[in-house]
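These notes concern the structure reproduced below.
See the structure below:
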């Protein structure tokens, strides 16, 4: 992952606007040379092949209706490639980053509340023999996740913060790496095959760490050949998707870290992944502007390629019932696909601003989108469209 820091913290500096997240070198043809025409023709053929590989999605469907927009809470981002900064724990409860604070938004009360402030020194409350917790000074949160009662956040200097939402203070915090290039790119909370809750971190130091979610001891450490930008564990807790600074994505054993499969097809680095609830399909979001779908029963090639409008795919999420999948570009566009139509039917949400994160509520009834923009920063709420709502008046 590129080294980039948002010094202002509120917004991406230098008016960054992502198109494909990589730039072609400026090539000027020499007089009398036909190499430029040849290269141009090759590029055209490549683009044609690339477009043919992508699914032709029937847009214009309406799976989630706009419900509410608030500017009382405003999402912010620290790194232009990391957009997992918003999580919904119910259709009424959303957690998002706002400058140096993690805010809780209640869609019922229509008000926000600060639940964590990392602008000042943080002292962990959890103490036991052998605990590796340590106080932290000001932290720039680069990624976060919330599941049930536990919130986990990663920092720009390799920090890890764990907090129980219903308890005051921070239970655990530390710097998990002393590497100069140790930004925490992704965090995940999951259950292993025996049902124990685990915390997983992915860092720029090419390591993935697995921690116990009760005492926060490090149980495993897996090393990969490149910076790890994102990880996700399959619903049964057995498989681990590893994405990073490589066009290839890896499937590893979640217990041992042993690589058991290579996913080839993307053209650039990947930063987002999500498992379908059935555990058979993995979605990977890449800077080549596509999301690829893989069937874990046959990893030789992707089963589908879904293309964004103009930017990298920075976030991917499935509804808990597996009916819909959403993917977000860095700015302006969120795409929703109907999985029952083999991803051939889609809804495109066109908004204005950088996207800090997307999240479906666990009951699938709501979709939240965090918009990070100096002028239009806000939180958008969409509700799942139901075709049997007329029954409410009968009941």
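Residue numbers (the working numbering): 785 to 1179.
All C-beta atoms, glycine included, are put in the ideal place defined by N, C-alpha and C.
**Request:** With distances taken Cα to Cα, identify the nearest neighbour of residue 919 among 937, 957, 949 and 938.
**Result:** Counting from 1 along the chain shown, the entry for residue 919 is found at position 135. The option with the nearest alpha carbon to residue 919 is 957.
**Request:** Write down the C-beta distance between residue 877 and residue 890 rounded to the nearest angstrom, noting that I regard them as a contact closer than 8 Å.
**Result:** As a first step, residue 877 must be located in the chain shown, where it is residue number 93. As a first step, residue 890 must be located in the chain shown, where it is residue number 106. Going by Cβ atoms, the distance from residue 877 to residue 890 rounds to 6 Å, so yes, they are a contact pair.
**Message:** Tell me the rounded alpha-carbon separation between residue 1076 and residue 998.
**Reply:** As a working mapping, residue 1076 is identified with position 292 in the chain shown. As a working mapping, residue 998 is identified with position 214 in the chain shown. If you take the alpha carbons of residue 1076 and residue 998, they lie about 35 Å apart.
**Prompt:** Any idea what DSSP makes of residue 1191, helix, strand or coil?
**Reply:** With the chain running from 785 to 1179 in the structure shown, residue 1191 is simply not present.
**Cβ neighbour criterion (16 or more within 10 Å) applied to residue 979** = Looking up residue 979 in the chain shown gives position 195. It is exposed - the Cβ of residue 979 has fewer than 16 other Cβ atoms within 10 Å.
**Request:** Can you have a look at residue 1126 and say buried or exposed, based on whether 16 or more other CB atoms are within 10 angstroms of its CB?
**Result:** Here residue 1126 is taken as the residue at index 342 of the chain shown, counted from 1. With fewer than 16 Cβ atoms within 10 Å of its Cβ, residue 1126 is classed as exposed.
**Request:** With a floor of 3 residues, list each beta strand (DSSP E) that falls wholly inside the segment 848-874, ordered by position along the chain.
**Result:** 848-854 and 870-874
**Item:** Straight-line Cα distance separating residue 1101 from residue 1041
**Value:** Taking the chain shown and counting its residues from 1, the one referred to as residue 1041 is at position 257. Taking the chain shown and counting its residues from 1, the one referred to as residue 1101 is at position 317. Cα to Cα, residue 1041 sits roughly 24 Å from residue 1101.
**Prompt:** Going by beta carbon distance, what residues of the same chain come within less than 6 Å of residue 1146, once the five residues before and after it are set aside?
**Reply:** Walking along the chain shown from the start, residue 1146 turns up at place 362. Answer for residue 1146: 1104, listed in chain order.
**Request:** Please state whether DSSP places residue 1077 in a helix, a strand or coil.
**Result:** Position 293 of the chain shown, counted from the first residue, corresponds to residue 1077. Correct three-state label for residue 1077: strand.
**Item:** residue 1123 in three-state terms, based on DSSP
**Value:** Along the chain shown, one-based indexing puts residue 1123 at 339. Three-state DSSP puts residue 1123 in a helix.
**Asked** Thinking just about the alpha-carbon of each residue, which of 1019, 1063 and 1070 is nearest to the one in residue 972?
**Response** In the chain shown, counting from the first residue as 1, residue 972 sits at position 188. Among 1019, 1063 and 1070, the Cα nearest to that of residue 972 is on 1019.
**Item:** Run of the beta strand (DSSP E) containing residue 785, from where it starts to where it stops
**Value:** To locate residue 785, count along the chain shown from 1; it is residue 1. Note, residue 785: premise wrong, no beta strand (DSSP E); not H, not E.
**Item:** One or two residues paired with residue 908 in a DSSP bridge
**Value:** Here residue 908 refers to the residue found at position 124 of the chain shown. Looking at the DSSP assignment, residue 908 forms a beta bridge with 954.
**Item:** Beta-carbon contacts of residue 903 that lie in its chain and below 6 Å, excluding the five residues immediately before and after
**Value:** Taking the first residue of the chain shown as 1, we reach residue 903 at position 119. Excluding sequence neighbours, residue 903 sits near 884 and 922.
**Item:** Exposure label - residue 1087; buried when at least 16 CB within 10 Å
**Value:** Position 303 of the chain shown holds residue 1087. Exposed, because fewer than 16 other Cβ atoms sit within 10 Å of the Cβ of residue 1087.
**Message:** Can you list, in chain order, the residues of its chain with a C-beta nearer than 8 Å to that of residue 1169? Leave out the 5 residues immediately preceding and following it.
**Reply:** Locating residue 1169 in the chain shown gives position 385, where the first residue counts as 1. Within the same chain, residue 1169 has close Cβ partners 846, 847, 848 and 849.
**Prompt:** Just checking my contact of residue 1091 with residue 1074 at CB under 8 Å: how many whole Å lie between their CB atoms?
**Reply:** Here the question's residue 1091 lines up with position 307 in the chain shown. Here the question's residue 1074 lines up with position 290 in the chain shown. Yes, they are in contact, since the Cβ atoms of residue 1091 and residue 1074 sit about 5 Å apart, within 8 Å.
**Request:** With DSSP as the reference, label residue 1181 as helix, strand or coil.
**Result:** Any question about residue 1181 goes unanswered here, given that the chain covers just 785 to 1179.
**Message:** Give me, in chain order, the residues of the same chain whose beta-carbon lies closer than 6 Å to that of residue 808; leave out the 5 immediate sequence neighbours on both sides.
**Reply:** Stepping through the chain shown from its first residue, residue 808 is reached at position 24. The predicted model places residue 808 with a pLDDT of 39, which falls under 50 and marks its position as unreliable, so this point remains unresolved.
**Request:** Identify the continuous beta strand (DSSP E) that holds residue 886 and give its terminal residues.
**Result:** The residue given as residue 886 occupies position 102 in the chain shown. 885-890 is the extent of the beta strand (DSSP E) around residue 886.
**Asked** Should residue 939 be listed as close to the ligand MG, given that the test is whether its C-beta is under 8 Å from any heavy atom?
**Response** This structure lacks the ligand MG; in fact it carries no ligand of any kind.
**Prompt:** Just the Cα atoms here: how many angstroms apart are residue 939 and residue 1132?
**Reply:** As a working mapping, residue 939 is identified with position 155 in the chain shown. As a working mapping, residue 1132 is identified with position 348 in the chain shown. Their Cα atoms are separated by approximately 32 Å.
**Message:** For residue 1106, list the residues DSSP reports as bridge partners.
**Reply:** For this step, residue 1106 is matched to residue 322 along the chain shown. Paired residues: none, contrary to the question.
**Message:** Assuming residue 766 and residue 1138 are in contact, meaning their beta carbons sit under 8 Å apart, how far apart are those beta carbons, in whole angstroms?
**Reply:** Since the first residue of the chain shown is 785 and the last is 1179, residue 766 is not available in this structure.
**Request:** State the start and end residues of the unbroken beta strand (DSSP E) segment that holds residue 1136.
**Result:** Indexing the chain shown from 1 puts residue 1136 at position 352. Where residue 1136 is concerned, the enclosing beta strand (DSSP E) stretches over 1129-1144.
**Request:** Excluding the 5 residues preceding and the 5 following residue 755 in the sequence, name in chain order all residues of the same chain whose CB lies nearer than 7 Å to its CB.
**Result:** Here the chain comprises residues numbered 785 to 1179, so residue 755 is not present and cannot be evaluated.
**Message:** Can you look up residue 1032 in the DSSP assignment and give me helix, strand or coil?
**Reply:** Looking up residue 1032 in the chain shown gives position 248. Residue 1032: coil per DSSP, three-state reduction.
**Request:** Spatial neighbours of residue 1063 within its chain, please: CB distance less than 6 Å, with the 5 preceding and 5 following residues excluded, ordered by chain position.
**Result:** Here residue 1063 corresponds to residue number 279 of the chain shown, with the count starting at 1. Hits under 6 Å: 1018, 1019 and 1020.
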